[in-house]
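Have a look at the structure below before the remarks.
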Amino acid sequence: MYTFTEPSEVKLIIMYIIENFGEPIDNGQITDIFMDYAFVDYFTMQTYLDELVEMQLVAIDRADKLRLYFLAPHGKDAYEAYIHKIPTSVREKLLKTIKAYKRKERHAEDISASFRPLNALSYLAELSIRDGGFPLMEVRLTVGSKDAAREICQTFKEDPDKVYKALMGAVMNEENKKA
């Protein structure tokens, strides 16, 4: 991996992540993507991000108690003028990381598993898979213990596709169609 020594290079990488995320991005998202490559340590990265804000290259939108970062107009100009300084191979790897991160984030939003007590003797485990907000599967199971409900939710979160395929296989079974 390419080594970056100049603060301007690291700042350009931060700007590259912000610009190519495709929407305003929060600090945790920037950090997660940036730290995949450990270009510099976390505190240095945060210092450079703050400097970009102070220089008005990066702006902040405060929505829902989150600080969402995006390139300011002056930042877009600087980005376009200097982005060629980051090697193409690094930009390509960053783009792949951003895409994978967004896919993982979307997947986490689309998978839901929770449980709650119904009464002293039973719990309700609620499992769902959504695709772009559209429900693909919603299952509610009543079980006899908190441990069973927790295990169901954990198993579902670990491999929701396996559970979905098993359920679809059970309800679409050829044996069931003949009856």
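Read in order, the letters of the sequence shown correspond to residues 727 to 905 in this note's numbering.
Backbone N, C-alpha and C fix where the C-beta goes; we use that ideal spot for every residue, glycine too.
Since the structure is predicted, the reported quantities are computational estimates derived from the model, not experimental observations.
Burial check for Phe765: the Cβ neighbour count within 10 Å reaches 16 or more, so the residue is buried. In the assembly as shown, Pro861 is an exposed residue. Its beta-carbon has fewer than 16 other beta-carbons within 10 Å. For the beta strand (DSSP E) assignment, the uninterrupted runs of no fewer than 3 residues enclosed by the region 773-845 are, from N- to C-terminal side, 784-789, 792-797, 837-845.
In the three-state scheme derived from DSSP, where H, G and I count as helix and E and B as strand, Glu749 is classed as coil. For Thr868, DSSP records a beta bridge to Leu850. According to DSSP, residue pairing for Met863 in a beta bridge involves Ile855.
Collapsing the DSSP output to three states places Val897 in a helix. Judged by beta-carbon spacing, Tyr849 lies beyond the 7 Å limit of Ile759, meaning their Cβ atoms are not closer than that value. Shortest Cα-Cα distance from Tyr805 to any of Lys883, Asn746, Leu792, Pro886 involves Asn746.
Here Val784 really is in contact with Leu797; their C-beta atoms are around 6 Å apart, less than 8 Å.
Restricting attention to Ala875, Lys891, Asp887, the CA atom closest to the CA of Ile837 is found in Asp887. In terms of Cβ geometry, Tyr774 and Ile740 form a close pair [threshold 7 Å].
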